[in-house]
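Please read the structure below before turning to the comments.
Numbering (our numbering), first residue to last: 282 to 389.
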């Protein structure tokens with residue numbers, strides 16, 4: 282599995298590669314979760330973000346989760362730390378805090 286490409290904005294940890302094999306997740310599927318997440322939460326590890334996207338059927342719902350860390354000053358590069366498949370619907374934890382002035386502007 283060769284995921285590292287020169288000049289790529291993503292880097293993958295060994296742990297993430299192993300989890301992709303275990304849960305049968307492709308690089309393209311995880312990029313899709315990264316681009317269009319249904320839910321964004323603060324990651325369990327410090328300085329990380331967790332993203333979720335629902336998959337499966339109505340009868341057998343699963344979620345694909347992806348945890349990444351932003352690298353550098355520009356925060357363009359991301360290190361994918363881990364990915365997993367959750368059976369069912371996971372409970373909502375705390376959301377990422379949005380500053381109050383931006384929240385008011387969004388609600389207008």
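Note that the Cβ used here is the ideal one computed from N, Cα and C, for glycine as well.
- Cβ-Cβ separation between residue 361 and residue 309: approximately 13 angstroms, too far for a contact (criterion under 8 angstroms).
- Apart from sequence neighbours up to five positions away, the residues of its chain that approach residue 363 with a beta-carbon distance below 6 angstroms are 296, 297, 300 and 348, ordered along the chain.
- Apart from sequence neighbours up to five positions away, the residues of its chain that approach residue 314 with a beta-carbon distance below 6 angstroms are 332, 334, 345 and 347, ordered along the chain.
- Looking at the DSSP output, residue 364 sits in a beta bridge with 347.
- Residue pairing of residue 352 in beta bridges, as defined by DSSP: 358.
- Annotation: the continuous alpha helix (DSSP H) that includes residue 309 extends over 308–316.
- Distance between residue 359 and residue 305, taken at the CA atoms: about 21 angstroms.
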